[in-house]
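Scroll down for the structure; my scribbles are underneath it.
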C-alpha cells in the first residue's frame, strides 16, 4: 500500500491556514453579539493526495465544526482554505461553488438520519449527480449500480428501489458512502462514520473505506473520538482541544510518543485488554469547559497537571519537535524550532 | 463490468416509481382500513358522492324532468308544484322528503347541492394546503424576517373574525361558490396550517440528509422542493381533510344568513325554512322535513371528512397506532 501511495504525486490537496469559526451568542435576535463561541480557533494543516488525516478530541472540541467549515456548510469567520491550488474560502461565483461541491463530499455519523426516508436508494445515491446535472438517466443508473456494487451492496438491482427503512444500519452506511463517492470526489470528510454501527460491522466498513481511499486516491479527513479507530485508519492525527489544535503528527508517532499533556491523558484513558498491564496513568482535573470568549492563555491550563505560571499568561504556539510532530505546549519550547 | 448485463436488469424508472407508489398506497391503506372511524367517514363520503354525482343526474333526467302540468313547467329545484295543494307538504310518495314553502322538492334540492358542496370544500382545502405548505416550508427554511412576518400574519389570521368579515364582504361583492372557495382557501391558507407545517418543516430542516444535499451543492429551492415538502406532505394532506370540513361549514353558515349569491345549497334550504317562519316555536317539530335533511347532510359530510382525517392521522403519526 505504501508503494501505491508513493506512486501518486505528493500533491497538496487541501491547505488550511489560520481557519477560524466563531458562533455569535445573542440574547435576542436583534441585539448585537457580545460574546462568541470559539468553535474552531486558528487551525493550520495541509493534506496531501491519498492521505488520511484524523481529527481527534472529545465531544464539543470543534472536530465536526472543522469538517463542516471545510466543506462550506459553515462560512469561516477568518482564515484561508486552499483546495487543489484554488482559494475556496469564500465561494463567490456559482461556477466555483459547482466545481468545489462536485469534488468534495461528506459521510455522516448517523446512517438513520442522513438518508431521506421518502427517497429510494437510487434517488439517494444519484442525488449528487442529479444536483450537478451530470449524465443522462441511463448513465446515472449505471454509475449507481457500479458504486453500490463497489461498496458491497449486492446484488445492486435488488436494492435500487428500496427505501432506507428496509436496510440494516451497516447497509445504510454503505449507501451513504456510495452517495459520497458517486461523483468521484477528491476530498471527503467522514464524521465518525462508524460510531453508530454495531462493533461487528464496524471493521468491515472501515476496511471498505481504506480500500476505497487507496483505490480512488482520495484525500480524507476522518473525524473520530476513538483513538483505536484513528490508529487503524489515519496517516496523520490532529488532536483538538476546545477549538485549538494541541498536537499534530504522524499517527504512530503521536500514539507511541504523545507529547501534549492532553494527548497523554487521552491515550492513557484507552483501555488495554491485559490485567497485568501497568501504565503510568495521567489524571487530569475537571471536565471540558466552554470556549466562550476564552482568554489568551493555554486552553488546557486549568486541567493541566504540569501547568506553570507562564501557561496562565500566554498562549503556547505550535512547536515543531522534529519529523513534522508539532505540539502546542511550553514544555517543549527547548526541543522545538 | 458488462454494461449489457446491467441494462438488461433495468426497468424504466417511471414504471418502477409507479409500482413503488402503488405499494406504499397499499401499505398505507392497510393502516387506514384498521381505523374504524376513518373507514366510516370514507363510506359516508362515498355515499354522498354517489348520490350527488350519479343518482341526481339520473333522477333529474327521468323523474324530475321539468314537466308541463297544465300551463306551467315544474322544476323540483326552483319551481312551484301546482299539483300539490298545500306547501310545505309532508313526505309523500310523490315527494319523498316533502316540499318546502315554495313548493320545491326537498330531496331534489338536497341532491342538487351535494356536488357543489364537494367542489367548494375540496377547492377551498386545496388552495389552503397549497398556500400553507409553501409558506410553512419557506418560512421554516429561511427563518429570520420571512419567518417572523408569516408567523405574525398567521397569528393575525387566527384571531381574525372570519364570519363577520365574510358578512361585510358579501355586502361589497357578489359571493358565489367559486369566490367563496377562493376566499376561504386564501384566508385559512395563511392561518393555523402554516404554523403546523412550519413546525414539521423545522424538524426536517435540521436532518443530516439536508446537509448532505448541501454538500453536493444543492440550492435552497431544490432542498425545499425535493426534501422538505415531501416530508411534510402527509401532514398537509391530513390538514386538507380538516379544511374541507371547515369550508363546508362556513358555506352553511353564510347561506343560512342569506349572504351568498348561489342557486341552492344546504344552508340556503334551512334559510328558506327559517325566513318563512317554519323553524320557530312548535313549528320546528311539526315541519321537521324542512330542516332535518339539510342539517343532517351538513353534519354527516363535515363529520365524514373529519373522520377520514382522523383515520389518516394514524397513517401519518405512527405513535397513534395501537400496534
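Chains as they are written, first to last, in the numbering used here: chain A, 1 to 337; chain B, 338 to 660. Ideal Cβ positions, reconstructed from N, Cα and C, are used throughout, including at glycine.
- Residue 67 of chain A is classed as buried because its beta carbon has at least 16 other beta carbons within 10 Å across all chains shown.
- Chain-order list of chain B residues neighbouring residue 120 of chain A: 357, by C-beta distance under 8 Å.
- Around the C-beta of residue 573 of chain B, 16 or more other C-beta atoms lie within 10 Å, and the residue is accordingly described as buried.
- Within chain A, the residues whose beta carbon sits less than 7 Å from that of residue 544 of chain B are 113, listed in sequence order.
- In this structure, the straight-line span from the alpha carbon of residue 441 of chain B to that of residue 485 of chain B is close to 53 Å.
- Counted as a single uninterrupted DSSP element, the alpha helix (DSSP H) harbouring residue 453 of chain B occupies residues 443-479.
- Per DSSP, residue 528 of chain B lies in no beta strand (DSSP E) and is assigned neither H nor E.
- A Cβ of chain B is located within less than 8 Å of the beta carbon of residue 102 of chain A.
- Under the three-state reduction of DSSP, residue 436 of chain B is assigned to strand.
- By the Cβ test, the segment 163-174 of chain A is not in contact with the segment 586-594 of chain B, since fewer than three Cβ pairs between them sit closer than 8 Å.
- With the criterion set as a beta carbon lying under 8 Å from some beta carbon of chain B, the segment 185-198 of chain A has no members that meet it.
- Using a CB distance cut-off of 8 Å, residue 567 of chain B counts as an interface residue toward chain A.
- Taking a C-beta distance under 8 Å as the contact criterion, residue 111 of chain A and residue 173 of chain A qualify as a contact pair.
- Among the residues of chain B, none has a CB under 7 Å from the CB of residue 84 of chain A; the nearest is roughly 16 Å distant.
- Ranked by how close their Cα comes to the Cα of residue 375 of chain B, the residues B/451, B/607, B/640 have B/640 in first place.
- Think of a sphere of 7 Å around the beta carbon of residue 226 of chain A: no beta carbon from chain B falls inside it, the nearest being about 20 Å out.
- Residue burial is scored here from C-beta neighbours: residue 592 of chain B has at least 16 other C-beta atoms within 10 angstroms and is therefore classed as buried.
- Under a criterion of Cβ atoms nearer than 7 Å, no residue of chain B is adjacent to residue 133 of chain A; the nearest Cβ is some 10 Å distant.
- Counting only runs of 4 or more residues that sit fully inside the segment 536-581 of chain B, the alpha helix (DSSP H) segments are 545-552, 557-560, in chain order.
- Exclusion of the five residues before and after residue 132 of chain A leaves 98, 101, 102, 183 as the residues of its chain whose Cβ lies within less than 8 Å of its Cβ.
- A straight-line Cα-Cα distance of about 49 Å links residue 361 of chain B and residue 289 of chain A.
- In this structure, the alpha-carbon of residue 377 of chain B lies about 22 Å from that of residue 457 of chain B.
- Residue 584 of chain B sits away from residue 529 of chain B, with the two beta carbons spaced by 8 Å or more.
- For residue 399 of chain B, there is no enclosing beta strand (DSSP E), since its DSSP letter is neither H nor E.
- With fewer than 16 other Cβ atoms from the protein chains shown falling within 10 Å of its own Cβ, residue 502 of chain B counts as exposed.
- Per the coordinates, the alpha-carbon of residue 216 of chain A lies some 15 Å from the alpha-carbon of residue 149 of chain A.
- The three-state reading of DSSP puts residue 116 of chain A in coil, since its state is none of H, G, I, E or B.
- With respect to residue 106 of chain A, residue 189 of chain A sits close: the two C-beta atoms are nearer than 8 Å.
- By DSSP's assignment, residue 243 of chain A forms no beta bridge with any residue.
- Within chain B, no residue has its beta carbon less than 7 Å from that of residue 46 of chain A; the closest one is some 21 Å off.
- Scanning chain B for C-beta atoms nearer than 9 Å to the C-beta of residue 98 of chain A yields 554, reported in chain order.
- Within its own chain, the residues whose Cβ lies closer than 6 Å to the Cβ of residue 10 of chain A, once the five positions on either side in sequence are excluded, are 48, listed in chain order.
- The C-alpha of residue 234 of chain A lies about 14 Å from the C-alpha of residue 208 of chain A.
- Under the criterion of beta carbons closer than 8 Å, residue 14 of chain A and residue 43 of chain A do not qualify as touching, at roughly 12 Å.
- Residues of the same chain with a CB within less than 8 Å of the CB of residue 23 of chain A, apart from the 5 flanking positions on each side, are 36, 37, 39 in chain order.
- No Cβ-Cβ contact shorter than 8 Å links residue 319 of chain A with residue 312 of chain A.
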